[in-house]
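Undergrad:
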Amino acid sequence: MTTRLMGTGVQRVEDQRFLRGRGRYADDIAVDPATLHAAVLRSPHAHARIVDIDVADVLDVEGVHAVWTYDDLTGPMADPLPLLIPHPALTHGRTQYALAKDEVNYVGEAVAFVVAEDRYVAEDAVGRIRVTYDVLPPVVGVEAARAADRLVHEDVPGNVGARMEQSTGDVEAALAAAPRRLTLDLDVERSASMPLEGRGTVARWDPDSDRLQVWTSTQTSTGVRAVVAVKLGLDLRQVDVITPDVGGGFGVKINHPWPEELLVPLAARTLRRTVKFIEDRREHFVSSAHERGQIHHIEVGFDDEGRLLALDVRFWHDHGAYTPYGLIVPIITSTQLLGPYKPDVYRVVFESLYTNTVMVTPYRGAGRPQGCFAMERTMDAIAAELGRDRTEVRAVNFIQPDEFPFDQGLIFQDGRELEYDSGDYPALLEKIKTLVGWDDFPAFRAEMAAQGRRVGIGLACYVEGTGVGPYEGAHVHIETSGKVKVATGLTTQGQGHATVFAQLVADELGCRFDDVEVVTGDTRRMPYAVGTFASRAAVMSGSAIHLAARKTKEKVLRIAAEALEASPDDLQVVDGVVSVKGSPGAAIDLGTVAVLSNPLRYAFDEASKAATQFTVGDPGKPPVPEDEEPGLEGTDFYSPERSTFASGMHAVIVETDPLTAEITILKYAVVHDCGRLINPMIVEGQIHGGVAQGVAGALYERMVYDESGQLLNASFMDFLMPYVTEVPDGIDIDHLETPSPLNPLGIKGAGEAGVIPSAAVFASAIEDAEGLSSPGLTITAMPISPSELFHLRLAHAEETS
Amino acid sequence: MSEPLLEVQLSVNGVVHDLRVPARRLLSDALRHDLGLTGTHVGCEHGVCGACTVLADGRPVRACLMFAVSAVGLNLTTVEGLAGADGTLSNVQQAFAECHGLQCGFCTPGFLTTITAGLRDNPQPTHEQARDMIAGNLCRCTGYQNIVKAVERAAELGA
Ligand code: FES
Ligand code: FES
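Quick note, the sequences are listed as chains A and B, same order.
Throughout the first sequence, residue numbering follows this note's numbering, covering 1 to 801 in sequence.
Throughout the second sequence, residue numbering follows this note's numbering, covering 802 to 960 in sequence.
1) What does a CB cutoff of less than 7 Å around A:F398 pick up in its chain, not counting 5 residues either side in sequence?
2) Determine, using beta-carbon pairs with one atom in the segment 514-529 of chain A and one in the segment 730-747 of chain A, whether at least three such pairs fall under 8 Å.
3) Kindly indicate the opening and closing residues of the beta strand (DSSP E) around A:R269.
4) By alpha-carbon positions, which one of A:G467, A:K553, A:P625 ends up nearest to A:E414?
5) With 16 other CB atoms within 10 Å as the buried threshold, where does A:D764 fall?
6) Quick one: which chain A residues come within Cβ less than 7 Å of B:L820?
7) So, with DSSP's three-state summary, where would you put A:V318?
8) What does the alpha-carbon distance come out to for the pair A:T552 and A:P470?
9) Compile a chain-ordered list of the residues in the segment 845-861 of chain B whose CB is closer than 7 Å to at least one CB of chain A.
10) If you draw a straight line from the C-alpha of A:G108 to the C-alpha of A:P741, how long is it?
11) What are the boundary residues of the beta strand (DSSP E) that includes A:R130?
12) May I ask you to report which of helix, strand or coil DSSP gives B:A857?
13) Let me see if you follow: with CB-CB separation under 7 Å, is B:E881 close to chain A or not?
14) Report yes or no: do three or more beta-carbon pairs, one from the segment 210-217 of chain A and one from the segment 256-275 of chain A, lie closer than 8 Å?
15) Can you give me the start and stop residues for the alpha helix (DSSP H) that A:M375 sits inside?
16) May I have the straight-line CA-CA distance separating A:M379 from A:V349, to the nearest angstrom?
17) Given a limit of 9 Å on CB to CB distance, which residues of the segment 236-261 of chain A reach chain B?
18) How should A:D28 be labelled, buried or exposed, when 16 other C-beta atoms within 10 angstroms of its C-beta is the threshold for buried?
19) CB of A:Q16 to nearest heavy atom of ligand 2: below 6 Å?
20) Could you name the residues that DSSP lists as bridge partners for A:H475?
21) Compare the Cα-Cα distances from A:T480 to each of A:E684, A:V595, A:H65 and report the closest residue.
22) Within 10 Å of its beta-carbon, does B:I960 have 16 or more other beta-carbons around it, so buried, or fewer, so exposed?
23) Scan the segment 277-310 of chain A for residues whose Cβ lies nearer than 8 Å to a Cβ of chain B and list them as they occur along the chain.
24) Return the chain-ordered list of same chain residues with a C-beta closer than 6 Å to the C-beta of A:L815, the five sequence neighbours on each side being excluded.
25) If contact means a Cβ-Cβ distance below 7 Å, which residues of the segment 690-723 of chain A contact chain B?
26) Is B:A852 near ligand 1, going by C-beta to nearest heavy atom under 6 Å?
27) Taking only heavy atoms of ligand 2 into account, decide whether any of them is closer than 6 Å to the Cβ of B:D897.
28) State the Cα-Cα distance for the pair A:T612 and A:D589, rounded to the nearest angstrom.
29) Flag A:T3 as yes if its beta-carbon sits less than 7 Å from any beta-carbon of chain B, otherwise no.
30) Determine whether the Cβ of A:L196 lies closer than 7 Å to any Cβ atom of chain B.
31) Tell me the rounded alpha-carbon separation between A:G576 and A:D507.
32) My understanding is that B:L939 touches A:F716, with C-beta atoms under 8 Å, so please give their C-beta distance in whole angstroms.
33) What is the DSSP secondary structure of B:G876, counted as helix, strand or coil?
34) Closer than 6 Å: is that where the CB of A:R199 sits relative to any heavy atom of ligand 1?
35) Starting from A:S352, trace the beta strand (DSSP E) in both directions and tell me its first and last residue.
36) According to DSSP, simplified to helix, strand and coil, what is A:E305?
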């Protein structure tokens, strides 16, 4: 019997390619001398009217083939870009044009598009375009947006794109009745996904077949395909979108179409040449997307045990200049901040505001880090107020294991009820306390204090809706060689899909793991798909692949049973061979079954020759019976009722330097429940990466805009992404598995978890470290740098003296 | 006005290539687009991320900070040149596979070249030295935990 692969840390099959320099990323596609290269002229102003664009000098540059401005766009290309996920609360949604029409609303907005022999020449040409702007005062940051003495879009009053409210009862009454109350004001700054590979698109028009091929570094090839077809006036069947290897996404590559994703195909069709656009790093900072910028006001009512009686949250979300991705991020904050807790009454109201800065789309965690920060700061504040242990206050508020499924009484981002499927939060808390040494910490603190060192401990809990619908599909095809080709439409950006999906197929089908080859994100192979985001790949495509493999296996057994003159129930498939249980002589391999499934009479190869020893099918019936199709394949789709809810807790021990306020991580611990694990090695890798991005968001990364809307730190020199020197040296991880009842494998998503609680856990630990020398110092804004901590100490000392 | 081209000879992974490039052509672009060695990646084009690191006479250099013409006379090694002639992975590559030292793989070539040079200079690094060895390269995916392990595993394989 082959060993079951689900649950084992199988080494990744894709690594062989990557390690040899044979990855194929967007910029590696179509390396042929005939490829033309594009560059984009971007707005230098945050807010301006375009008076005139003069491109007269550009076509003189040798090697320039074409230049486009808004006036050159026709038909649907001249309309605003789509608003992907409209929501009734988004009363004033606005999207940009592929090339700015009349006005620009952020530094970096695309104004003109040049195609030339190479990127150097295209950039030379961009430098020769003269634009006359009438500069307008910009709106930068949440405060300015709320003040609304200037407007981003003249027709959007108060800069308010959306206002949304949800509640589970009369929060005012509950607050008034609560024996204790607290108020908190909390800020989180902007950061960004910042994959090492930026955006990139290549397109080729094939005049012989009237087809367009597009390679793009996206998280959703089917989405790009649909929008390219619509905007270019093509039938869907004329467009193929292929997502090659993607050098990281983290959310930013879910937005589509980017202006360049339309302009490159347009140029390819117009010029009848392959055209490529590869974004540079500065462009990625100023013209893709950011996230996280929000300020929150919380009022909470509770009892002497710390039980949440009333939670009233208002927050203001900075969504930048446009809203192509709707309200996903603030809706997630507003629902997911509840985490593992169940307040008696909850009300949340948010406003999503326009500013003259880069737009916002989801970044790993998507609104949850802010929500978790809000909730967990509240928990810490309650604990401080009551003088209780922070873990106790959390524990009294947990949803209990016997309360699942638990309906929070709200509508989640996918339009479904916010109903948690399964979990065991008390068990997680026990695990994290053990892992980090919560109960032993006072002794450690005393020991450190004796040496003049300041240490603090913090913890934070979260619940994460993962595996959102609507669906994902898969196609499994067994070749006559016995090789199994699997296609699923969602994309991959480094999560090891080729490996985990092959594990699932090998388990279900009984084939050899090495015989499975997985293709993702190619609309030619699976045209129905959604995409890779929201920790949904394993849940959605994993389940679809499992179901498709099962369907394929049913067909294998049907055909093999006839060939072996046995009942399907008596057959087993092990290592790619179908045999009759208990009679090892009677066997047929999968490749031969594949031959038999397709009643041709050609002996192409050894497998087809071997197949001649078996006869299949009743000679009195047609060779392909009714209800049957030739070929050994199976397609299936998985569409869940609602999301699965993963959960976890992080804890950290930090040291803060009494003089310099430098913050050092001494220990980092994670417990995590993503249901059944497919490949623990890969899940841990996801946690490692998430924690690094979380540390970054808590301590280092922010988007520094000046008052004129210029991003001052648009480079890796100035935007402080962590190197190895900034991440914990070792992360202790423990897993809990509460299987999800919603899918056949019992899995939940794991991709974003690592990043969600970081701001909260660091705030808690730093505050704890500072507490002994500065009692009552509270941390209300993230990220926190050493100099900010230093100034916080000074301000606090002044207040209390 | 056409841009003057220069004749340059680049020696990459033991093979000598003749090419004609403008003086301003970056070494990273020449490797990737003129020679088709797309394993060398460009993550920032301003010398900070390390994704474009190649070995020049065995020493790590950032191919995005060097012109192709400046590389004349140097023996360059890119990620494509790390495996043995028979295709066997080098110790460093092997260690990355064993330790799950990569996710999207975009930063990986720069780490592989950097560590290859690092371990040649210091074949048995301490844990601190292993961390130091990769402290100039950015990775957005792995959180570095497994890359450090891979450095230590490669040292073991080389011992
Ligand atoms: S691309 Fe050369 S260092 Fe980043
Ligand atoms: S593996 Fe993706 S950047 Fe390092």
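Just so you know, even glycine gets a beta-carbon here, dropped at the ideal spot from N, CA and C.
TA: Per the coordinate set shown:
1) The beta carbon of A:F398 is closer than 7 Å to those of P340, Y341, Y425, P426 in its chain, skipping five residues each way along the sequence.
2) Contact annotation: the segment 514-529 of chain A does not touch the segment 730-747 of chain A, with fewer than three C-beta pairs closer than 8 Å.
3) Premise fails: A:R269 lies in the alpha helix (DSSP H), 259-271, not in any beta strand (DSSP E).
4) According to the sequence as given, residue 414 of chain A is Asp; it is not Glu. It is A:G467.
5) Looking at the sequence itself, residue 764 of chain A is Ser, so the reference to Asp does not match. A:S764 comes out buried.
6) Chain A residues near B:L820: none, gap ~12 Å exceeds 7 Å.
7) For the sequence presented, residue 318 of chain A should be read as Asp rather than Val. Residue state, collapsed to three classes: strand.
8) In a straight line, the C-alpha of A:T552 is about 23 Å away from that of A:P470.
9) Those residues of the segment 845-861 of chain B that come within reach of chain A (Cβ to Cβ, closer than 7 Å) are C845, E846, H847, V849, C850, A852.
10) Going from the Cα of A:G108 to the Cα of A:P741 covers about 46 Å.
11) Segment 130-135, the beta strand (DSSP E) holding A:R130.
12) In the structure shown, B:A857 sits in a strand (DSSP, three-state: E or B).
13) Yes, because at least one Cβ of chain A sits closer than 7 Å to the Cβ of B:E881.
14) The segment 210-217 of chain A vs the segment 256-275 of chain A: in contact.
15) 368-386 is the span of the alpha helix (DSSP H), which, as asked, contains A:M375.
16) Straight-line Cα distance between these residues: approximately 20 Å.
17) Of all residues in the segment 236-261 of chain A, D245, V246, G247, G248, G249, F250 have a Cβ within less than 9 Å of some Cβ in chain B.
18) A:D28 counts as buried, since no fewer than 16 other beta carbons sit within 10 angstroms of its beta carbon.
19) Outside the cutoff, so no.
20) Within the DSSP secondary-structure output, A:H475 pairs in a beta bridge with A:A487, A:T635.
21) Measuring C-alpha to C-alpha distances from A:T480 to each of A:E684, A:V595, A:H65 identifies A:V595 as the nearest.
22) A small correction: the amino acid at residue 960 of chain B is Ala; Ile does not occupy that position in the sequence shown. Classification for B:A960: exposed.
23) Listed by position along the chain: D280, R281.
24) Because chain A spans 1 through 801 in this model, residue 815 of chain A falls outside it and cannot be assessed.
25) For the segment 690-723 of chain A, the set of residues with a beta-carbon nearer than 7 Å to any beta-carbon of chain B comprises V691, A692, S715, F716, M717, M721, Y723, in chain order.
26) Set against 6 Å, the gap from the CB of B:A852 to the closest heavy atom of ligand 1 is smaller.
27) According to the sequence as given, residue 897 of chain B is Phe; it is not Asp. Not so, every heavy atom of ligand 2 lies at least 6 Å from the Cβ.
28) A:T612 and A:D589: Cα-Cα distance of roughly 13 Å.
29) Taking Cβ atoms only, chain B never reaches closer than 7 Å to A:T3, which makes this a no.
30) By this cut-off, A:L196 is an interface position.
31) Those two C-alpha atoms are separated by around 11 Å.
32) B:L939 to A:F716, Cβ: 7 Å. Contact.
33) Residue identity differs from the one stated: residue 876 of chain B is Asn in this sequence, not Gly. Strand, per DSSP.
34) It does not: the Cβ of A:R199 is nowhere closer than 6 Å to a heavy atom of ligand 1.
35) First-last of the beta strand (DSSP E) with A:S352: 345-353.
36) Coil.
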